[in-house]
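A.B. asks:
Residue numbers (this note's numbering): 3 to 324.
#1: As a quick exercise: from 169, 63 and 46, pick the residue whose alpha carbon is nearest that of residue 283.
#2: Put residue 239 into one of helix, strand or coil per three-state DSSP.
#3: Could you spell out where the alpha helix (DSSP H) holding residue 128 opens and where it closes?
#4: Mind checking whether residue 292 and residue 256 have CB atoms under 8 angstroms apart?
#5: Taking all protein chains shown into account, do 16 or more other C-beta atoms lie within 10 angstroms of the C-beta of residue 212, making it buried, or fewer, making it exposed?
#6: Please confirm whether any heavy atom of the ligand HEM lies closer than 7 angstroms to the CB of residue 72.
#7: Are at least three pairs of beta-carbons, each pair with one atom in the stretch 114-128 and one in the stretch 272-281, less than 8 angstroms apart?
#8: If we count the other Cβ atoms within 10 Å of its Cβ and call it buried at 16 or more, is residue 266 buried or exposed?
#9: Quick check on residue 61: does DSSP put it in helix, strand or coil?
#10: If we require 4 or more residues per run, which alpha helix (DSSP H) segments fall completely within the stretch 16-91?
#11: Counting along the chain, where does the beta strand (DSSP E) carrying residue 250 start and finish?
#12: So the alpha helix (DSSP H) residue 227 belongs to, where does it begin and stop?
#13: With burial defined as no fewer than 16 other Cβ atoms inside 10 Å of the residue's Cβ, what is the status of residue 83: buried or exposed?
#14: Could you tell me the alpha carbon to alpha carbon distance between residue 2 and residue 182, rounded to whole angstroms?
#15: What does the alpha-carbon distance come out to for the pair residue 271 and residue 206?
#16: Any chance you could list the alpha helix (DSSP H) runs of at least 4 consecutive residues sitting entirely within the stretch 255-288, in chain order?
#17: What's the C-alpha gap between residue 100 and residue 128?
#18: Tell me the DSSP bridge mates of residue 156?
#19: Taking one C-beta from the stretch 191-209 and one from the stretch 129-141 each time, how about it: are there three or more such pairs within less than 8 angstroms?
#20: Does the Cβ-Cβ distance between residue 235 and residue 268 come in under 8 angstroms?
#21: Going by DSSP, what residue range makes up the alpha helix (DSSP H) through residue 177?
#22: Would you kindly check if the distance between the Cβ of residue 289 and the Cβ of residue 216 is under 8 angstroms?
#23: Just to confirm the assignment, what range does the beta strand (DSSP E) spanning residue 166 have?
#24: Distance check for residue 301 and residue 24, CA to CA, integer angstroms please.
#25: Verify whether the separation of the beta carbon atoms of residue 54 and residue 316 is less than 8 angstroms.
#26: What are the boundary residues of the beta strand (DSSP E) that includes residue 100?
#27: What separation, rounded to the nearest whole angstrom, lies between the Cα atoms of residue 168 and residue 33?
#28: Would you mind giving the Cβ-Cβ distance between residue 112 and residue 156, rounded to the nearest angstrom? I have them listed as a contact below 8 angstroms.
Printed below as a string of structure tokens:
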């Protein structure tokens, strides 16, 4: 195992104080059924140093920035993205960032894409699985995807509360079960709405190894035979599109997940991710341990997963191990 600083963590959340303050003012105190964890730049750096993580690409997690008011969402997205840029400026090469967008407002989101990528020079875009009653494969988002496709953007997709709610009840936090199915659900939605076919230049990353998707791949593929518009949406066949996506290891570094994920994709499509700080530091160490204890990955595979694949997606972050 390489004990130096090499790893690039693509699933690393940040919770800037100004964002959290605005949420509390709006009466929002939880993310996926639990309180927000304590976070600071210094804590992230300490966890990174302790676990061989050279760079963390940060994102705002659920519940995101939209709570029914587009102007408030625009404000939250902008202050979060400005905080990301400041953090990167203070710690170059230790941090990257996916920008938040005030979806589902299209005009504000197009404006924020330009600001985040052209002015702040952030590394990609983060979106949640659904916004305001619709999954992100909905035709409502066509202009956003056209712009991101034109830019060859990297888009990070994180699950949020399912539109149907949590069928197990509020006493079971959504992060324990529902987010895994929510991730599979949004991939299904993007697939059969034709988004993956229409916008081939977008590089998609999905959290938690795709959630339940790898196990459900065969069942999901049946849609191409029964859904009326599937021929237009997935003309190359379902597996073609799923194999082109990227999947991170956050809360997923175990043999049960890796065996099914490896049946679907090559190591070049797997990215190191931890889900820190929503997954506490002990689970960051478990992610590293789980990767290196799995007998299905060679040393070459581990280099791809831990940093080389991320360097290919984010060339500005490429640097020697320390």
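All C-beta atoms in this analysis are idealised placements derived from N, C-alpha and C, irrespective of residue type, glycine included.
C.D. replies: Checking against the coordinates, here is how it stands:
#1: Minimum Cα distance to residue 283 is reached at 46.
#2: Reduced to three states, the DSSP call for residue 239 is coil.
#3: Where residue 128 is concerned, there is no enclosing alpha helix (DSSP H), although the beta strand (DSSP E) it sits in stretches over 126-130.
#4: The Cβ atoms of residue 292 and residue 256 sit closer than 8 angstroms to each other.
#5: So residue 212 ends up on the buried side.
#6: Because no ligand of any kind appears in the structure shown, any question about the ligand HEM cannot be addressed here.
#7: Flag = no, the stretch 114-128 and the stretch 272-281 do not touch.
#8: It is buried - the Cβ of residue 266 has at least 16 other Cβ atoms within 10 Å.
#9: Here DSSP, grouped into helix, strand and coil, assigns residue 61 to strand.
#10: Qualifying alpha helix (DSSP H) stretches, in chain order: 19-27 and 43-52.
#11: Its beta strand (DSSP E) spans residues 248-250.
#12: Run containing residue 227: 225-228, per the alpha helix (DSSP H) assignment.
#13: With 16 or more other Cβ atoms within 10 Å, it is buried.
#14: Absent from the model: residue 2. The displayed extent of the chain is 3 to 324, so no value can be given.
#15: Straight-line Cα distance between these residues: approximately 10 angstroms.
#16: Segments of the alpha helix (DSSP H) lying fully in the stretch 255-288: 257-266.
#17: Residue 128 has its alpha-carbon roughly 5 angstroms from the corresponding atom of residue 100.
#18: DSSP output for residue 156 lists 205 as bridge partner(s).
#19: Result yes; three or more Cβ-Cβ pairs closer than 8 angstroms.
#20: For the pair residue 235 and residue 268, the CB atoms are not nearer than the 8 angstroms cut-off.
#21: Membership of residue 177 in any alpha helix (DSSP H) is not indicated, and neither H nor E is assigned to it by DSSP.
#22: No, the pair does not count as a contact, with Cβ atoms beyond the cut-off.
#23: For residue 166, no beta strand (DSSP E) run applies, since DSSP gives it neither H nor E.
#24: Counting only the Cα atoms, residue 301 lies some 45 angstroms from residue 24.
#25: Taking 8 angstroms as the cut-off, the Cβ atoms of residue 54 and residue 316 do not count as close.
#26: Here the beta strand (DSSP E) through residue 100 covers 97-102.
#27: Going by the C-alpha atoms only, they are around 13 angstroms apart.
#28: So it is not a contact: roughly 17 angstroms between Cβ atoms.
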